[in-house]
Amino acid sequence: MSATLFTSEAVTSGHPDKICDLIADSILDEALRQDPDAHMAVEATIKDDLIFVYGEAGTNAVIDYEKIAKSVLKQIGFPQEYHVLLKISKQSEEINRAVSGGELAAGDQGIMFGYACNETEDLMPFAINCAQRLARKLEEVRRQDSRLWPDGKTQVTAEYDDGVLKRVDAIVVSTQHSTSITQEELHDLIIEKVILPVVDPALIDENTRFIINPSGSFIVGGSFGDSGTTGRKIVVDSYGGYAPIGGGCFSSKDPSKVDRSAAYYARYVCRNIVANKLADRVQIQLSYAIGKPEPISINVTTFGTGKVSDDELLEIIRKNFSFKVADIIRELNLKRPIYAQTTNYGHFGRKELPWEQFRKIEC
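Add 42 to the 1-based position in the sequence shown for my numbering, that's all there is to it.
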């Protein structure tokens with residue numbers, strides 16, 4: 043038997059990069075609420091009490107960018123007063139013509155990956171699924187306990203024997219906190235209220251390590267502890283390192299940007315291949331060119347777990363799914379203000395999202 047370890051991490055809403063992701067996605071939602079055809083790529087950067095909101099907006103929507111940015115910080119739980127700088131221009135006419143002239147086309151070139159496996163009920167790899175659930179639980183607990191503050195991270199190391207999940211080797215949780223709690227109290231609180239309610243006890247043994255706030259005191263957090271920028275948590279947002287990433291982020295981008303919509307659709311196809319028991323594990327790569335409505339290439343691999351050959355599976359995929367940009371947006375109903383809910387705890391494996399719905403595949 044060959045034992046291997048694999049680790050994935052997640053972050054809470056108070057992480058500075060996630061603050062910026064939520065600002066960007068909240069701006070996008072407001073644009074789509076007023077104008078479903080809005081073309082948006084407005085991002086944010088934060089440091090201390092300064093927020094810089096910048097990018098391109100092609101929309102008739104009237105957006106109070108400053109109000110949205112400040113509201114996000116309050117919503118997360120940061121009480122400080124923030125200052126907002128704006129630098130937003132209209133979307134390039136060249137890009138707009140390429141995307142909107144005739145049939146809806148890809149808003150940029152790029153590659154996107156989808157992935158699914160049967161390790162969890164959510165058809166996600168275990169370590170990222172567990173890390174995201176721990177981050178969500180940490181958020182829930184800190185909103186009930188004033189001694190815990192918004193910034194936080196989780197990390198899960200899973201042990202496999204010949205590719206089969208056997209146990210959890212280590213769990214790391216770091217959380218911002220007040221001065222009114224000791225490290226010993228914090229350690230016990232996180233194990234009792236965050237870890238044990240989330241992680242399957244069958245995967246924990248006497249050798250599983252619980253590592254709580256390994257750096258010690260963590261009082262200064264959020265933008266006062268580090269800078270943040272939209273789009274810097276793309277591995278956290280996707281598959282936790284189990285699958286490749288295309289390099290483009292999700293947050294801030296309207297569905298004409300295939301970095302977002304095609305990545306969602308690739309996951310939709312993969313999770314339904316596994317849900318229909320055509321494979322235990324599957325990965326799809328797509329590529330697009332700006333101004334072209336259909337992908338340039340589609341690659342699929344089942345890592346030897348397919349019930350049919352990869353070539354046959356690709357034909358089944360082409361028969362059941364359309365990767366044209368307009369069809370993706372139509373099938374998943376993406377021209378809606380649904381994106382702020384995707385910002386935290388991963389964009390995949392969450393049953394409420396449209397690309398996580400079951401679809402019967404005809405073979």
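Backbone N, C-alpha and C define an ideal beta-carbon position, used for all residues, glycine too. On a predicted model such as this, the values are computed, not experimentally measured, just so you know.
Residue i - DSSP class collapsed to helix/strand/coil
i: Ser113; result: helix
i: Glu51; result: strand
i: Thr384; result: helix
i: Glu354; result: helix
i: Ile153; result: strand
i: Cys405; result: coil
i: Tyr310; result: helix
i: Leu64; result: helix
i: Lys89; result: strand
i: Phe363; result: coil
i: Gly100; result: strand
i: Ala305; result: helix
i: Ala147; result: coil
i: Ala80; result: coil
Spatial distance of residue i from residue j (CA atoms)
i: Thr46; j: Glu201; result: 6 angstroms
i: Asn171; j: Arg189; result: 26 angstroms
i: Arg251; j: Lys275; result: 25 angstroms
i: Thr344; j: Arg185; result: 41 angstroms
i: Ser12; j: Ala368; result: Only positions 43 to 405 of the chain appear in the structure, and residue 12 is not among them; the question remains open.
i: Ala382; j: Tyr107; result: 15 angstroms
i: Gly289; j: Ser44; result: 31 angstroms
i: Cys62; j: Pro396; result: 24 angstroms
i: Asn386; j: Asp71; result: 15 angstroms
i: Lys299; j: Gly333; result: 11 angstroms
i: Gly264; j: Trp191; result: 9 angstroms
Where the beta strand (DSSP E) through residue i begins and ends
i: Lys129; result: 125-132
i: Pro192; result: 190-203
i: Arg323; result: 323-330
i: Val236; result: Looking at the DSSP string, Val236 is not in any beta strand (DSSP E), and its letter there is neither H nor E.
i: Val214; result: 206-219
i: Ile287; result: Unbroken run through Ile287: none, as it is neither H nor E.
i: Ile254; result: 251-254
i: Val342; result: 339-343
Whole-number beta carbon distance between residue j and residue i, since they are thought to touch under 8 angstroms
i: Gly259; j: Gly273; result: First, the amino acid is wrong: residue 259 is Ser here, not Gly. At roughly 30 angstroms, the Cβ-Cβ gap does not stay under 8 angstroms, so Ser259 and Gly273 are not in contact.
i: Ala103; j: Ile93; result: Not quite, the Cβ-Cβ distance comes to about 20 angstroms (not below 8 angstroms), so this is no contact.
i: Asn362; j: Glu404; result: 6 angstroms
i: Ile88; j: Ser216; result: Incorrect: roughly 19 angstroms between the Cβ atoms, too far for contact.
i: Ser280; j: Phe390; result: 7 angstroms
i: Leu228; j: Thr196; result: Actually they do not touch by this definition, with Cβ atoms about 14 angstroms apart.
i: Ala99; j: Ala73; result: 7 angstroms
Residue range of the unbroken alpha helix (DSSP H) whose run includes residue i
i: Glu182; result: 168-184
i: Glu226; result: 225-232
i: Asp369; result: 367-374
i: Asp242; result: Taken as a continuous stretch (DSSP letters only), Asp242 belongs to no alpha helix (DSSP H), as it is neither H nor E.
i: Ile261; result: Counting along the chain, Ile261 falls outside any alpha helix (DSSP H), and DSSP gives it neither H nor E.
Exercise. Pairing CB atoms from the stretch 51-68 with CB atoms from the stretch 348-359, are three or more of them under 8 angstroms?
Worked result: Cβ pair count under 8 angstroms is below three, so no.
Exercise. Counting pairs of Cβ atoms below 8 angstroms between the stretch 299-308 and the stretch 154-168, do you hit three or more?
Worked result: Judged by Cβ distances under 8 angstroms, the stretch 299-308 makes contact with the stretch 154-168, as three or more pairs qualify.
Problem set entry | Touching by the beta-carbon criterion (3+ pairs, under 8 angstroms), the stretch 118-129 and the stretch 309-322 | They do not touch, by the three-pair rule.
For this session: Assess, as a yes-or-no matter, whether the stretch 113-121 is touched by the stretch 55-63 under the definition of 3 or more beta carbon pairs within less than 8 angstroms.
Result: Between the stretch 55-63 and the stretch 113-121 there are three or more C-beta pairs closer than 8 angstroms, enough to call the two in contact.
Exercise. Can we say the stretch 376-386 touches the stretch 68-80, given the rule of at least three CB pairs closer than 8 angstroms?
Worked result: Segments in contact, yes.
Exercise. Can at least three beta-carbon pairs, one atom from the stretch 161-181 and one from the stretch 326-333, be found at a separation below 8 angstroms?
Worked result: By the criterion of at least three beta-carbon pairs nearer than 8 angstroms, the stretch 161-181 is not in contact with the stretch 326-333.
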